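*Asks:*
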Amino acid sequence: MAAINSRDLFIQTIVPRLLSQTYTANDLSIKLEITSVVVTLVLPEELPKYIKNFVVKLWRTGEGSPGTSATDWWNQAWDSNNMLSVTTLSTARFDLLNLPNSPTKRVSESGINYQIACRAVDTSDNFSSKSMLGSILLKTISA
Amino acid sequence: MPKTVQQIRDWLDSPNNLKCILADIGYYSGSEQTMRLSTRGYYDGSNEYIPIIIGGVSFAESLSADLTVSISYGTLELENTGGTYDNFLTYIWKRRPINLYIGDVSWPKSDFTLIFSGLVENLVSSGESNLQLTLVDKLEQLNESITTRTLKDLVGYTAQNTQEEKLLPVLFGEVFNLSPILVDNGTGFDTGPWSASITGIQTTSGIEIGQSVTATAGAGRLYGGTASATVASIVDGSTITYNVPSGAGITRPIPGIITNLTINGVVRAAGATGIKVSAVTGTGGPIYKITDGSLDEIVEVRDKAAPIVILNNRSSDGEFTLKYNTFGTITCTARSRTATNCTVPNLISYIVKNYGKNTLTDNDLDLTNIDASRLAYKAGIYVTDRTNILEVCNQLARSINCGLYYSLFTVNSGTGQISTGKLRLIELKVPTSSVGAIELNDSLMIEGSLQVTESFSVKPSVKLAYCKNYTQQAQDLALALHSDHGTVFKDEYWYVESKDSAVVDIYKDTGIVQEEITHLLVTSEAQAEADKRLELWKTPRQLITATYLPHLMFVQLGDVVTLTSNRFGLSSGKPGLVYSISRDWITGLVEIGVLV
């Protein structure tokens, strides 16, 4: 049960307190399972009780930009042709068949890069101010 | 059955009444005994009453505008010519019960009406031929420290803090950001080694002490990180214990289901209820005590005002164990009882039923006869010193503009309902006309006794302090905290204000007002309370007192009455709140002060 005094309510409901990576996941792992990119969050042993869940975004950035983005792209304008989003408490599964195969392909010989960003959400729907970032490059198997 | 109010009034009016006061008084002389005294000779069928009560039997009660607590006093004078009853001075009277009854000597005792139920404070002699018993109301029994236990009274805590004489605090309701006290230095932070049990194995046959244990985490976990857990003992056919050493990155086992339990390379099958980790023990951080009692919830623990994770929530003991090393001041928000039990009447009820030598029971309490919205306001108070029970209860009552009062006598309304002396809340509120209100008019008044005894200042604005921050933190806050948090942790109180600008102008007031401290928690409730107080005090109020005939003997503090007189603008009747009463049971006269 939440607090009943107004100060704690103020902290919990008005001021976002998810201000740093402190309250995001510790780490994340990314792997391909058949046609899905699976992002598994590595969480702290005990989550603060005001964390409700995590939102994980996937952004297909295409060929020619391998590696994880150096900047936090969380607020990048939404591109439904190349972005997917999942809300989860542990694992985010992105089925790449939900993205169109043109003009950017899902996979290519030189490699299609997929960026991953994750932020925590508190019980008042405030987002943490920084993202945990990662990426995966999907290539066809060369002959 | 005691006479009804109407029967008593008729009897007091009758010229032929033989008025008699009976007193049943407890005292100690080798054992607890009862003394029976009266104003006239009386025999109740099995006990003789000694007729030595002389003079008036009176008792005065009153409210105050600032609702400070006051225990009412009275005296009972006894005749002691020739020192016949000098031996009374050798008895112990303090805090013994005294019940006074009024009736006619011709009545059986069961017809007498209880007019005072209180306690004896002491017995003194002011002259050769008399003795005086000082009487107090039952609030006196709440006049003792709410907490006396100290750190050294705790049993089973190791490496205990050296401040042994430090009082153990007590929490009632919810409070924000209190400072819990360190009661145990702990045996180290959660760095291991640990031991735990594994239950639910289909068979422990073939398992030997020292063999390695591994498993896949489910809801529970053998341990975190990379360790080498080993079997410590085989408890029975389905249970073993195991040890986990300390080391870098190794963390505590977590109770719950695990899967793929493998011992010495052999996967173990589960029994019907699954294989579980339980009974985890190991090193623990310092223990902080919030209250000397149990808790409903530890809302949040903070280090330098930033929320932190704790190792164990020991709510049933009112404490918690830290998991990691600290960086600054440890504070927390906690609640002693469920939210619905944090209302002022419920908190007062809990305190008087559970604290002190003379605890009350539900039969002693009538705390619901006030405005319904005030009944629901939530509150909390954290006591860290030897404040007495009465003061704590009164501070809570004052938060909803009520006074605490112990009604003194029995009233038989004639409808079969008999109310006995109970602890009550009396609400200082705007008197409004109500059907059936008792009428105080000139025909019941002793001529010439009506007077305005007090005029209260108009208050054009009311400012209430609420939601106390029990640990003010202006500096040394965690860097990650948002700047807006500074105010939340820095200010001792938050404030609400209610103001009537028109009244400010009329009375040429500055509009600046001293805050009134409350223990309320919720902004909307504090605002509603401020609005109610403004409504009461933004118009001129007077206390009008007069002496009345015995008909009004049973008026009680807090009753709403209609005051009618040809003076002071009362000719068409005005609703008022009974603010003070002084009764003389021998003459039957009663002086009543009414707030209009």
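So the protein lines, in turn, are chains A and B.
Final position of the first sequence in our numbering is 210; the numbers increase by one with none missing.
Final position of the second sequence in our numbering is 602; the numbers increase by one with none missing.
All residues carry an ideal CB built from backbone N, CA and C; glycine is no exception.
Because the structure is a prediction, the values reported are computed rather than measured.
According to the neighbour-count rule (16 or more other Cβ atoms, all chains shown, within 10 Å of its Cβ), is Val241 (chain B) buried or exposed?
*Replies:* Its Cβ having fewer than 16 others within 10 Å, Val241 (chain B) is exposed.
*Asks:* In whole angstroms, what separates the C-alpha of Trp140 (chain A) from that of Ala184 (chain A)?
*Replies:* Roughly 8 angstroms separates the two Cα atoms.
*Asks:* I'd like to confirm the pairing. Which residues does DSSP put opposite Pro21 (chain B) in its beta bridges?
*Replies:* Answer by DSSP bridge pairing: none, since Pro21 (chain B) is not bridged.
*Asks:* Using a Cβ-Cβ cut-off of less than 8 angstroms, list which residues of the segment 175-209 of chain B approach chain A; keep chain order.
*Replies:* Listed by position along the chain: Glu180, Val181, Phe182 and Asn183.
*Asks:* Could you please give me the residues that DSSP links to Cys408 (chain B) through a beta bridge?
*Replies:* Looking at the DSSP assignment, Cys408 (chain B) forms a beta bridge with B:Glu433.
*Asks:* Use the C-beta contact count for Val189 (chain B): other C-beta atoms within 10 angstroms, 16 or more gives buried, fewer gives exposed.
*Replies:* Under this definition Val189 (chain B) is a buried residue.
*Asks:* Can you tell me the Cα-Cα spacing of Val519 (chain B) and Val502 (chain B), whole angstroms?
*Replies:* Approximately 12 angstroms between the Cα atoms of the pair.
*Asks:* Ser355 (chain B) lies in the alpha helix (DSSP H); which residues open and close that run?
*Replies:* Unbroken alpha helix (DSSP H) run through Ser355 (chain B): Val350 to Asn360.
*Asks:* Can you tell me the Cβ-Cβ gap for Val567 (chain B) and Leu396 (chain B), rounded? I've got them flagged as a contact below 8 angstroms.
*Replies:* Rounded, the Cβ-Cβ distance is 28 angstroms, inconsistent with contact.
*Asks:* Identify, in the order they occur along the chain, each residue of the same chain with its Cβ nearer than 7 angstroms to the Cβ of Gly134 (chain A), setting aside the five sequence neighbours on each side.
*Replies:* Result list for Gly134 (chain A): Ser202, in chain order.
*Asks:* What separation, rounded to the nearest whole angstrom, lies between the Cα atoms of Ser577 (chain B) and Leu569 (chain B)?
*Replies:* Each residue's Cα considered, the two are about 9 angstroms apart.
*Asks:* Could you check where the alpha helix (DSSP H) with Glu531 (chain B) kicks off and where it finishes?
*Replies:* Run containing Glu531 (chain B): Thr529 to Trp543, per the alpha helix (DSSP H) assignment.
*Asks:* Which residues, taken in chain order from the segment 335-353 of chain B, show a beta carbon closer than 9 angstroms to some beta carbon of chain A?
*Replies:* Residues passing the 9 angstroms Cβ filter: Thr339, Arg341, Thr344, Ala345 and Cys348.
*Asks:* Looking only at its chain, what residues have a beta carbon closer than 6 angstroms to the beta carbon of Ile208 (chain A), apart from the 5 residues adjacent to it on each side?
*Replies:* So the list is empty, once near-sequence residues are dropped.
*Asks:* Report, in whole angstroms, the separation of the C-beta atoms of Ser370 (chain B) and Lys428 (chain B), which I expect to be a contact under 8 angstroms.
*Replies:* The amino acid at residue 370 (chain B) is misidentified as Ser; the sequence shows Asp. Confirmed, about 6 angstroms.
*Asks:* Name the chain A residues whose beta carbon is nearer than 8 angstroms to that of Glu503 (chain B)?
*Replies:* Residues of chain A passing the Cβ test: none, with the nearest at roughly 15 angstroms.
*Asks:* Counting contacts by CB-CB distance shorter than 8 angstroms, is Val250 (chain B) in contact with chain A?
*Replies:* By this cut-off, Val250 (chain B) is not an interface position.
*Asks:* Indicate the three-state DSSP secondary structure (helix, strand or coil) for Gly582 (chain B) in the structure shown.
*Replies:* In the structure shown, Gly582 (chain B) sits in a strand (DSSP, three-state: E or B).
*Asks:* Do Leu177 (chain B) and Ile296 (chain B) come within 8 angstroms of each other at the CB atom, strictly closer than that value?
*Replies:* Yes.
*Asks:* What residues of chain B sit near Asp75 (chain A), judged by a beta carbon separation below 8 angstroms?
*Replies:* Those within 8 angstroms of Asp75 (chain A) in chain B are Phe182, Val305, Glu306 and Thr339.
*Asks:* Near Gly389 (chain B), which residues of its chain fall below 7 angstroms by C-beta distance, leaving aside the five closest residues on each side in sequence?
*Replies:* Looking at the sequence itself, residue 389 (chain B) is Val, so the reference to Gly does not match. If we look at Val389 (chain B) and ignore the five residues flanking it on each side, its Cβ neighbours are Ile152, Thr153, Pro175, Val176 and Val398.
*Asks:* Identify which residue in A:Thr102, A:Thr154 and A:Ile118 has its Cα closest to the Cα of Ile164 (chain A).
*Replies:* Inspection of the sequence shows that residue 164 (chain A) is occupied by Leu rather than by Ile. Nearest C-alpha to Leu164 (chain A): A:Thr102.
*Asks:* Return helix, strand or coil for Gln208 (chain B), following the three-state DSSP convention.
*Replies:* The answer is coil: DSSP assigns Gln208 (chain B) none of H, G, I, E or B.
*Asks:* With the cut-off set at 8 angstroms, would you say Gly198 (chain B) and Ser252 (chain B) are in Cβ contact?
*Replies:* Yes.
*Asks:* Determine the burial state of Pro167 (chain A): buried for a count of at least 16 other Cβ atoms within 10 Å of its Cβ, exposed for fewer.
*Replies:* Exposed is the call here.
*Asks:* Is it buried or exposed, Ile246 (chain B), if we count other Cβ atoms within 10 angstroms and call 16 or more buried?
*Replies:* Its Cβ being crowded by 16 or more others within 10 Å, Ile246 (chain B) is buried.
*Asks:* Starting from the beta carbon of Ala70 (chain A), find every residue of chain B whose beta carbon is closer than 7 angstroms, and list them in chain order.
*Replies:* Here the neighbours are Glu180, Val305 and Thr339.
*Asks:* Which residues in chain A sit within 8 angstroms of Trp500 (chain B), going by Cβ to Cβ distance?
*Replies:* Within chain A, the residues near Trp500 (chain B) are Ser73 and Arg74.
*Asks:* May I ask you to list the residues that DSSP assigns as paired with Gln12 (chain B)?
*Replies:* Gln12 (chain B) pairs with nothing; no bridge assigned.
*Asks:* Is there a C-beta anywhere in chain A that falls below 8 angstroms from the one on Thr477 (chain B)?
*Replies:* Judged by the 8 angstroms Cβ criterion, Thr477 (chain B) is not in contact with chain A.
*Asks:* Let's test the definition: count the other Cβ atoms within 10 Å of the Cβ of Pro546 (chain B) and tell me whether it reaches 16, buried, or not, exposed.
*Replies:* Burial call: exposed.
*Asks:* For Asp537 (chain B), which residues of its own chain have a beta-carbon under 6 angstroms away from its beta-carbon, when the five flanking residues on both sides are left out?
*Replies:* Correct list, in chain order: Ser504.
*Asks:* So, with DSSP's three-state summary, where would you put Asp590 (chain B)?
*Replies:* Asp590 (chain B): strand per DSSP, three-state reduction.
*Asks:* According to the neighbour-count rule (16 or more other Cβ atoms, all chains shown, within 10 Å of its Cβ), is Asn331 (chain B) buried or exposed?
*Replies:* Counting Cβ neighbours within 10 Å, Asn331 (chain B) comes out exposed, since fewer than 16 surround it.
*Asks:* Shortest alpha-carbon distance to Asp368 (chain B) belongs to which of B:Ile354, B:Leu381 and B:Gly109?
*Replies:* Per the Cα distances, B:Ile354.
*Asks:* On the criterion of 16 or more Cβ atoms from any shown chain inside 10 Å, does Lys544 (chain B) qualify as buried, or is it exposed?
*Replies:* By the neighbour-count rule (16 or more Cβ atoms within 10 Å), Lys544 (chain B) is buried.
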